[in-house]
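*Asks:*
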Ligand SMILES: Nc1ncnc2c1ncn2[C@@H]1O[C@H](COP(=O)(O)OP(=O)(O)OP(=O)(O)O)[C@@H](O)[C@H]1O
Ligand SMILES: [Mg+2]
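In the numbering used here, the protein residues as written are 145 to 320.
1. With a CB to CB cut of under 8 Å and the five nearest residues on each side skipped, what residues in its chain are close to residue 158?
2. Just to confirm, is the Cβ distance from residue 212 to residue 221 under 7 Å?
3. Is it buried or exposed, residue 294, if we count other Cβ atoms within 10 angstroms and call 16 or more buried?
4. Give a yes or no on contact between the region 246 to 261 and the region 284 to 294, applying the rule of three or more CB pairs nearer than 8 Å.
5. Answer yes or no: do residue 189 and residue 197 have a C-beta to C-beta separation smaller than 7 Å?
6. If I follow the unbroken alpha helix (DSSP H) through residue 200, where does it start and stop?
7. In terms of DSSP beta bridges, what is residue 263 paired with?
8. Taking all protein chains shown into account, do 16 or more other C-beta atoms lie within 10 angstroms of the C-beta of residue 219, making it buried, or fewer, making it exposed?
9. Taking 6 Å as the cut-off, does the CB of residue 287 come closer than this to any heavy atom belonging to ligand 2?
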């Protein structure tokens, strides 16, 4: 299996999908599923120094459409090359104001965390995205930016208008 990996430093569902979402959460949190779906944070791998174990864990998760895995606060993402129902408003809500490890790994956890730090510390935040060409960096940026815009729109009308403009720009392909 050919996999392209992108990693995000610091640490991103329609409604049939809400049910899938809940079962996914259950699956991710149930220890008995570990053999099938792997671990959601590489620090939990018994053989954490083995590259084979690392790739094996990614493969297990990828086969279950679990494209995100943490290494501590670093998010690893594998390009699914298909639309997964994991970016809906229900997902945005589910990840809002949650501690990093309360929820399964997701780009929304990264963006929500960054957004909260922005508000609480009143300081600019940076999300570093790195990966091979075609690994999904731009998609991750767009998904992350869209959430920021939705959050901004809710938090403040004035900023919301800026957020809306940024979201439109992002949709129009402003991010490359
Ligand atoms: N999370 C995702 N869900 C669905 N499809 C994705 C996802 N991430 C990437 N893809 C698919 O992979 C393609 C390539 O992704 P993307 O353009 O984000 O790569 P990139 O890392 O920005 O590449 P480059 O370095 O060449 O700019 C996208 O056009 C999309 O079809
Ligand atoms: Mg790109």
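Glycine included, every Cβ here is placed at the ideal spot set by N, Cα and C. Bear in mind the structure is a predicted one, so any value in this text is a computation, not a measurement.
*Replies:* From the atom records:
1. Here the model assigns residue 158 a pLDDT of 33, short of 50, so the residue's position is not dependable, and the following value carries that caveat. Excluding sequence neighbours, residue 158 sits near 229, 232.
2. yes
3. buried
4. yes
5. yes
6. 195 to 207
7. Answer is none; residue 263 lacks a bridge partner.
8. buried
9. no
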